[in-house]
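The structure under discussion appears below in the form of C-alpha cells.
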Amino acid sequence: MANRIHPSILNANLAALDDEIARIPSSDGIHIDVMDNHFVPNLTLGLPVVECLRKNHPDSFLDMHLMIENADTWAPQYAELGCESVTFHLEASQAPITTARKIRSAGSRASVALRPQTPIEPLADIIAEFDMVLIMTVDPGFGGQKFLDSMLPKIERTREIAKRTGQELWIQVDGGVSESTIERCVDAGADVFVAGSAVFRADEPDAMVNALRDKADLRCGH
Ligand code: DX5
Ligand code: ZN
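Numbering (my numbering), first residue to last: 458 to 679.
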C-alpha cells in the first residue's frame, strides 16, 4: 500500500477548519480528532461539525479518530455521515466486531485504535473485521507530545499479524510523527501517518505533507 499522510487538525485553528483544510491540498486524508472530555481529558467537536465538514469538503477523505466513550453507539453514526474511515478505541467498545460491521455496512472503512498500554494480541483472531489499526504513539488527548519509541515493537507485531492473515491492513501511527520519527514507523510496518503539530506548525503545511510522504516513500523504496 502506498504511504498516506493524514494531517490532524487538532493543532490547527479549530474555529477556521475550512481554511485550514484548504492549506493542505496534498494530504491523503484529513484526520479529525473527536474528544468527549471523558475518554480523554480534552474536548473538541462532534457529529454536527463533522456533518458540515462533509458537506464543505465532499472530495476529502475524512479519517475520523473517535476518542470517546460509548464507541458502539457513536462510531456507526460517523459512518452514516459518509466519512471514509471511522476509528474507535478498543478500550471504549463492548462489541468491537458488531461496531466494525455496522461501520462497514454503512460504507466506511472500519478501524480500531489502541492506547499505548493496550496490546495488539487480543485482536489477532478478529483482525479481519478491520481495515486499519491505529497504534497510538502518545497517550491520546493532546497534540505536540513526544513520540514513544516503545510502541515500535507493537507496530511490528501488528504487521506480522496482518501478514499471517494475508489481508491488506492499513497500520496508522498517531502521536509525535514528524520528519525525525517517520522513518522508524515505516521500518516497523506503518503506512498511514498522522501528523498534527509537525504539519500545522510548519511554515508551509502542504510542503511538510509532501516532505513527510517523500521521506516515507524513500524509506520503503517506492
Ligand atoms: C492526540 C491525537 C492526535 C494529535 C497528534 O490524541 O489523536 O491526532 O493531533 O498530534 P501530534 O502530531 O502533534 O502528536
Ligand atoms: Zn488522532
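A virtual CB, placed ideally from N, CA and C, is assigned to each residue, including glycine.
query = Using a Cβ-Cβ cut-off of 8 Å (strictly less than) and excluding sequence neighbours within five positions of residue 439, which residues of its own chain qualify?
reply = Coverage of the chain is limited to positions 458 through 679, which leaves residue 439 absent and any answer about it impossible.
message = Am I right that residue 569 and residue 522 are in contact with their C-beta atoms under 8 Å? What's the rounded C-beta distance?
response = Incorrect: roughly 11 Å between the Cβ atoms, too far for contact.
query = Near the ligand ZN, which residues have their beta-carbon less than 6 Å from any of its heavy atoms, given in chain order?
reply = 465, 488, 490, 522, 631 and 651
ask   = Can you tell which of 560, 503 and 627 has its C-alpha closest to the C-alpha of residue 533?
value = 560
inquiry  = Short of 7 Å in beta carbon distance, which residues of its chain neighbour residue 627, apart from the five on each side in sequence? Order them along the chain.
reply    = 458, 588, 589, 648 and 649
task = Enumerate in chain order the residues of its own chain whose CB-to-CB distance from residue 517 is below 6 Å, with the five nearest sequence positions on each side excluded.
result = 487
ask   = Contact check, residue 585 vs residue 622 under 8 Å by CB: the rounded distance?
value = 6 Å
task = Taking residue 675 as part of the alpha helix (DSSP H), name the residues at either end of that continuous run.
result = 662-676
ask   = Comparing the CB of residue 599 with every heavy atom of the ligand DX5, is any distance shorter than 7 Å?
value = yes
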